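Using the numbering used here, the letters of the sequence shown map in sequence onto residues 493 to 883. Every residue, glycine too, gets a C-beta built ideally from N, C-alpha and C. Nothing here was measured: the structure is a model prediction, and the numbers come from that model. Have a look at the structure below, then the notes.
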Amino acid sequence: MCSNKLKIMAFTSIRSEYDLMSALYKKLALDGEVDFQLVASGTHLVPAMGGSVSEIEKDGFRVSYRIETLLASDSKASRIKSAAILQSACVDILSNETPDLVIFAGDREDVLIYASVCAFLNIPSIHFFGGDHAKDGHVDNPVRHATSKLASLHFVSTEEHKRRLLAIGEPEGRIFVIGSVALDKFLNEPVVPRSEVLQHLEIDAEAGYRKIAVLIFHPVDSERERAGAYIHNMVSVLNRLGYHVCAGMPNSDPGNRIIRDALIKLEGSSSLTVYENLSRSLFINLLRSADLMIGNSSAGLLEAPSIPLPAVNVGERQKGRLASSNVIFSGGSVEAIIQAVQHAESEGFLSQLRRSSNPYGDGHSVDRAYRLIKELECSNYARKPEDPLES
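Written as structure tokens, this is what we have:
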């Protein structure tokens, strides 16, 4: 270890990413040899987007710093301006705190900021979920790979992700395949009966809803003009096929207002319940209670296989990513969605689903990550002198 008490700072900007990492954060925070600090920014601090910092505090964490970054705009430019605000604050925080290690996860613009600030300040960092790639042309791909080039260490979910990092010149000795730390919660989270889940969401369990579908659809730049139609098509098809739809609001990426407005407009006239944020326990048990997941959330690929739950991925987002046999990729037209949902309901598909496994891990990744963090001489990894031509 770097010192008698290892000082670790973790950064989080959105509920979904925090949810992936929270089990590891809790384990680190409970370690008497670790001084663990959590920094919250982004949608965590925006009440209109759920204000999920309250969920972090309910988990027992003290939020050491809060960085208000989001602008009241839905434009591409506002996303970059928000990142600039974050960068300035991160420089001050990390310069003053000088942690032994910084942890961050994912592929949003904020991780690129954390990684670059750590690199310039010579602070070791670990990037979780690097090496992934989707063929949707979204900015997440270059952001994810650029972050990997700046980060000191990589805790990746699969061997495929490791190979991709090797392909962009990252040294093998900096890459550790541990599986997804997001999956441990499925083993550890107590089961809540379906009736209680529906009651919490204020869905009448006696209203004849034979099936429940969880809909999560995030903005994609290339599909911005079609997003509203996709939402309408998904909800109308699912209602027609006998589903009550539980829809989560999208992330804060440009184009989110189109999706939000479409869901709000439909909620009063459809068999649809819309939520902003759910606690980790409620979200996991909603997935356990559901008959189908639909939209374009990575949860359909990463988490739904652990149940297992059929997932219909609509549109371009997530295409090309490693996917279990629970995932069906679909277009956004009514006809395409009907075909995909009916296939997900077929006995042949459900039989295959029961034999499937999750390619992203076995639910024991938190312990692997924790042991590595405690064992690594983190100061040895801050600088990256390796030449890609010599690897």
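- Task: Excluding the 5 residues preceding and the 5 following Ser857 in the sequence, name in chain order all residues of the same chain whose CB lies nearer than 7 Å to its CB.
- Result: Ile670, Gly671, Ser672, Val673, Leu675 and Asp676
Under a Cβ-count criterion, where at least 16 other Cβ atoms within 10 Å of its own Cβ denotes burial, should Thr639 be classed as buried or exposed?
buried
Do you know whose CA, among Glu839, Asp566, Phe612 and Arg600, lies nearest Leu586's CA?
Phe612
Item to complete: Between the Cα of Ile559 and those of Gly534, Ser508, Asp854 and Asp523, spot the shortest distance and give me the residue it belongs to.
Response: Gly534
Exercise. So Ile559 is in the beta strand (DSSP E); what residue range does that whole segment cover?
Worked result: Val555 to Ile559
DSSP bridge partner residues for Cys738 (one or two, in chain order): Val706 and Thr765
Compute the beta-carbon to beta-carbon distance between Asn731 and Ser763, rounded to the nearest angstrom, for a pair I have assumed lies under 8 Å.
-> 5 Å
Going by alpha carbons, who is nearest to Ala502 out of Leu868, Leu522 and Phe528? Phe528
Given 7 Å as the limit, tell me if Glu651 has its C-beta closer than that to any heavy atom belonging to the ligand GTP. With respect to the ligand GTP, the structure offers nothing, as it holds no ligand at all.
If you reduce the DSSP assignment to three classes, tell me which class Ala607 lands in. helix
If contacts are defined as beta-carbon pairs under 8 Å, then Phe874 and Asn680 qualify, I think. What distance do you get, rounded to the angstrom?
Inspection of the sequence shows that residue 874 is occupied by Ala rather than by Phe. Not quite, the Cβ-Cβ distance comes to about 33 Å (not below 8 Å), so this is no contact.
Q) Is the Cβ-Cβ distance between Arg600 and Gly623 less than 8 Å? A) no
I want to know whether the segment 746 to 757 touches the segment 708 to 721 - three or more CB-CB distances under 8 Å. yes
TODO: Indicate the three-state DSSP secondary structure (helix, strand or coil) for Val683 in the structure shown.
DONE: coil
Just to confirm my understanding: we take Met493, look at its own chain, exclude 5 residues before and 5 after, and list those with CB closer than 6 Å. What are they?
Confidence at Met493 is low in this model, with a pLDDT of 42, below 50, so its placement is unreliable and no value can be given for it.
message = Helix, strand or coil for Val531? Go by DSSP, reduced to three states.
response = strand
Check whether the segment 762 to 779 touches the segment 819 to 831, counting contact only when three or more Cβ pairs, one atom from each stretch, lie closer than 8 Å. no
Worksheet entry | Ala521 versus Gly552: straight-line alpha-carbon distance, rounded | 9 Å
Assuming Ile786 contacts Leu690 under a Cβ cut-off of 8 Å, what Cβ separation, rounded to an integer in Å, is found between them? Wrong, their Cβ atoms sit about 18 Å apart, outside the cutoff.
Nearest by alpha-carbon distance to Lys568: which of Glu867, Leu693, Glu525 and His630 is it?
His630
Here's the rule: buried if 16 or more other CB atoms are within 10 angstroms of the residue's CB, otherwise exposed. What is Asp745?
buried
Original post:
So which of Leu842, Glu808, Ser556 and Glu549 has the shortest CA-CA distance to Asp713?
Top reply: Glu808
Query - 3 or more residues per run - each beta strand (DSSP E) lying fully within the segment 716 to 760 - result: 735 to 740
Check: How many angstroms separate the CA atom of Asn777 from the CA atom of Val684?
Finding: 6 Å
What is the rounded straight-line gap between the Cα of Val729 and the Cα of Leu498?
53 Å
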